[in-house]
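Data block below; observations after.
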Amino acid sequence: MSTQPQKIVVVGNGMVGHHFVDEMAKHEGYEITVLSAEDRLAYDRVHLSEYFSGKTADDLAMTTPAYYNEIGVNFFTNAKVTNIDKAAKVVTTEAGETYAYDKLVMATGSYPFVPPIPGKERDHCLVYRTIQDLEDIQASAKAGKVGVVVGGGLLGLEAANALKELGLQTHVVEFAPQLMGVQLDKDGGALLRSMIEGIGVQVHTQKATNEIVDGEECVHRMNFADGSHLETDVILFSAGIRPYDNLAREFDLAVGERGGIVVDNYCKTSDESIYAIGECALWNNFIFGLVAPGYTMAKVTADNIIGGERQFTGADMSTKLKLMGMDVGSIGDAHARTEGCKSYVYSNEPDQIYKKIVVSPDGKELIGAVLVGDTSEYDSLLQYALNGIELPENPDGLILPSSGEKPTLGVDALPDTATICSCLNVTKGDIIAAIDCGAVDVGEVKSSTKAATGCGGCAALLKKVTDHELEKRGVEISTDLCEHFAYSRVELFHIVQAEQIKTFDLLVEKHGSGLGCEICKPAAASILASVWNDYILKPDHVSLQDTNDIFLGNMQKDGTYSVVPRMPGGEVTPDKLIVIGEVAKEYNLYTKVTGGQRIDLFGARVDQLPAIWKRLIDAGMETGHAYGKSLRTVKSCVGSTWCRYGQQDSMAMAIYLEDRYKGLRSPHKIKFAVSGCTRECAEAQSKDIGIIATENGWNLYVSGNGGMKPRHGDLFATDLDDETLIKYIDRYLMFYVRTADRLTRTSVWLDNLEGGLAYMEKIVKDDHLGINAELEKQMQNVVDTYQCEWKTTIESEEQLKRFRQFVNSDTVDGNIEFVTERDQIRPAQGEEKKYGVKIQAVDLTPA
Amino acid sequence: MTTENTWQTICPTSDLVKNSGVCALLANEEQVALFQVGNDTVYAVSNFDPFGKANVLYRGLIGETKGDIYVASPLLKQRFVLNSGVCLDDDTFAIKTYETRVTDGKLEIFG
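Line order of the protein sequences matches chains D and G. Taking the working numbering, the leading residue of the first sequence gets 14, the next gets one more, and so forth. Taking the working numbering, the leading residue of the second sequence gets -1, the next gets one more, and so forth.
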């Protein structure tokens, strides 16, 4: 058709309105115009509370003017529609602009309901809905100490979290007897309450607010129907939503008794040319207050406009979310209201876990569930419920703590219609289709189906389904490093060693293909460094180094670096400490003591690094390799030199070990600690290598970890003398360096190693593989060829040329800006850059 | 908005780092990341990482996938194809690209 394009006008640019635009823009022959009453384009309301944990309005944006321009969408902000002429098919905005339409899509969303309480319009009585609301809340919170949220539903608790993040003493006031009454049953609600109170948010249920008046201690006093009262400075109303349907009312579209624009299965209103989607739409007498059903409506509408037959047939309202760090899930008939249904309940008070499943009267199908404190079974329970999969004989096994065999739902059992990603409505069948069309890994399935690109909660399930389907087709799940090398890291390590390969170029020429990538280059750089221990910024190696290594510093979010001089065992002379202080002062660096017993200086520009390091090196210090996948620190207590309880000189041992292994490049970072007695002040059992002094020598612990997944180190050997201790560490570490996958810590490596700890004991203690002499020799080579990378760098004119922002100018990057907080610098964020002063609301500086 | 684009002389080609990046400042204050790939090709793209919102792309790793040569942001590793500016991880993002040429051993950018 070469006729005029059809004119589509969209009223409202929330998440659903934007999703519709995205869907519609995929089709040719339509001219799309967006009219938004707000002053900004669509943003992510689901993650609104992250605005208070540092996200900016820009971070929350779902689209940009540039993007709408690029896809050819006309858009107008501050364009509130005030008139719809259904006969002439024209809408008019407040400013008097008119827009003709062939199809009109109402995506006006909803507004927070504020109960008619006398005093509700007082200052600092707010709602929680838009970015503007957040800014108002921030401003109000600044002046107050106490905050109350009226409404203990899902959104109310989100809002309470926001108040808490703003540093207010937070209360939740709920009319009903429990929290989250829609999603949770009584016991689940009770547990959630005690968990929330446990983190300092006070909950008041069965409270009806009669009036809000002047307070004595605070700005307001809320008087409740039961005679009690509560004083507060800020009040947020979060008592449900109401659809924005005033345009529909005014211009005679059918609306529901309690509001909402009535739509049919095609999302059409009572007017043939007008659609309504999202929270303003009333389908089957129901308003869907979640984003996923809104997205489905957007899709259905776009499909209907182009002549398709898709229908909206309701949506699953199951939810899984984290509220103030607590896991909560709800599926289907959570309250067990279906006649004849039966429930199974698991309750664990000490660990604060409550789980309930509701099954059909015949016991064959799962129809509902409540999960509080542990939602790890949510995904498989949801699949049972959505797909009517027959339950195992003892359904309670699905929620009981795993003691041996737990009936797990194999992905094979899922029908093709099973929804895997509910945000973007991707089924198992869609994934299979993507694989049939040539997708060969999770990444490709993701980019062709868009699964797991919404909230990401289905990522693990997506991987399971994909891997399973690939395996079924005989595709081996690849252990290849990346598309350039058909080898694992271990295999490449052997190749480099056996063939004496010293550069990446030679490695890729002989054993790989293409130019390499951000996976194989740093992996190869690490292997080459472990084996040959060359200076990592040599011309042959410089292009392989990752973000931190390439400028020998830890890059921070604004592109500046942190500087960490080595401080073996945490020992430092006053003179060196003074130099560090002088340098920090001269270059205005944010200064912090690290967890590894040394000092970190933040905010150095790339062009400042060489001069800073020269000062430190001239004062007798050297690089701390804080940027490297290499030995970080050997933490220590003072041991027998000072401590009344010390058994051995842990300080001297820590310093010796740090000096020995510094500069060792490895698959991931390595941390050590040495404690002088069993009191374990250095926390050695949480380190890759942990050493605890005994009366007779040293106990060696291996593969401990703090961080993301804590693991206590395994006791490897007891009462070792100094010499044996060093030998064991040499062998253990070098075996790890040789055999671990890239970016794998010693803890995960050992857990995945066939034979585990016993196998390592056989290798290290009994020389089971006959390679101990070789491992020791290799480690000795690393020790003997150590150099301070920063010393080498500042002595090389060629290297220094790289440390500047511009190759053709001495100016510095004007985008790097700081503001002052607690008497030190920190990166300016968002609008602070525009104004040059700190505008974050939370100031926790003690008065 | 600004004056017409012209060829601007930036630096001797010997100042480039093979298979890695350097950064140039244009007359209109735009920052350009320059990557010499192999011996002969120099790519020029905007130095601003639209995800991390910092001027850092020149410090990223150069990679290649199925013939596309890209830089991976040093901040969060989003990949941008060097000859088109398109982001491989989110095609709603693209960065500006510039033409380059070498005259008498000096690198020039059209911008």
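In this text, a Cβ means the ideal position worked out from N, Cα and C, and glycines have one as well.
Under a three-way DSSP split, which group does residue i fall into?
i                : result
threonine 101/G  : strand
valine 503/D     : helix
isoleucine 84/D  : coil
histidine 233/D  : strand
tyrosine 640/D   : coil
glycine 132/D    : coil
isoleucine 93/G  : coil
asparagine 297/D : coil
methionine 634/D : coil
threonine 462/D  : helix
alanine 311/D    : helix
tyrosine 56/D    : strand
tyrosine 674/D   : helix
Under a CB-based cut-off of 8 Å, is residue i close to chain G?
i                   : result
cysteine 801/D      : no
serine 556/D        : yes
tyrosine 56/D       : no
glutamate 418/D     : Only weak support exists for where glutamate 418/D lies, its pLDDT of 41 falling under 50; the coordinates are left without a value.
valine 29/D         : no
lysine 534/D        : yes
cysteine 530/D      : yes
phenylalanine 816/D : no
aspartate 559/D     : yes
glycine 451/D       : no
isoleucine 514/D    : no
tyrosine 112/D      : no
phenylalanine 33/D  : no
aspartate 620/D     : no
Taking only beta-carbon atoms, is residue i less than 8 Å away from chain D?
i               : result
aspartate 13/G  : yes
serine 82/G     : no
isoleucine 93/G : no
serine 44/G     : no
arginine 57/G   : yes
methionine -1/G : Its pLDDT being 47, under 50, methionine -1/G is placed unreliably by the model, and nothing is read from it.
valine 20/G     : yes
cysteine 85/G   : no
valine 79/G     : no
At which residues does the beta strand (DSSP E) containing residue i begin and terminate?
i                : result
glutamine 6/G    : 5 to 10
histidine 217/D  : 215 to 217
alanine 617/D    : 612 to 617
lysine 116/D     : 116 to 119
threonine 805/D  : Not the beta strand (DSSP E): threonine 805/D falls in the alpha helix (DSSP H), residues 802 to 807.
histidine 242/D  : 242 to 245
tyrosine 600/D   : Element bounds for tyrosine 600/D: n/a, residue is neither H nor E.
proline 125/D    : 123 to 125
valine 868/D     : No information on residue 868/D is available, as it lies outside the stretch 14 to 860 that chain D covers here.
glutamate 44/D   : 43 to 48
isoleucine 290/D : Careful: isoleucine 290/D lies outside any beta strand (DSSP E) and carries neither H nor E.
alanine 706/D    : 702 to 706
What residue does the alpha helix (DSSP H) around residue i start on, and which one ends it?
i                : result
serine 543/D     : 533 to 545
arginine 744/D   : 735 to 752
glutamine 569/D  : No alpha helix (DSSP H) contains glutamine 569/D, which DSSP labels as neither H nor E.
tryptophan 762/D : 759 to 765
glutamine 793/D  : 785 to 797
Going by C-alpha to C-alpha distance, which of the options sits closest to residue i?
i               : options                                : result
alanine 108/D   : Gly85/D, Tyr80/D, Ser62/D, Ser49/D     : Ser49/D
proline 160/G   : Asn601/D, Asp571/D, Thr646/D           : A query on residue 160/G cannot be resolved here, the shown segment of chain G reaching from -1 to 109 and no further.
lysine 441/D    : Thr430/D, Arg678/D, Asp449/D           : Thr430/D
glycine 719/D   : Leu713/D, Trp711/D, Asp735/D, Lys700/D : Lys700/D
alanine 464/D   : Met568/D, Thr492/D, Ile433/D, Leu483/D : Ile433/D
alanine 447/D   : Glu482/D, Glu808/D, Gly689/D           : Glu482/D
aspartate 115/D : Thr121/D, Pro129/D, Thr106/D, Lys99/D  : Lys99/D
### Query
What residue ranges within the segment 139 to 198 of chain D form continuous beta strand (DSSP E) runs of no fewer than 3 residues, ordered along the chain?
DSSP runs (the beta strand (DSSP E)) wholly in the segment 139 to 198 of chain D: 159 to 163, 182 to 186.
### Query
In chain order, which alpha helix (DSSP H) runs of at least 4 residues are fully inside the segment 343 to 399 of chain D?
Listed in chain order, nothing qualifies, since the segment 343 to 399 of chain D has no complete alpha helix (DSSP H) run of 4 or more residues.
### Task
Can you check the segment 399 to 454 of chain D for any alpha helix (DSSP H) of at least 4 residues that lies completely inside it and give the ranges in chain order?
Taking only runs of at least 4 residues, the alpha helix (DSSP H) segments lying wholly in the segment 399 to 454 of chain D are 441 to 449.
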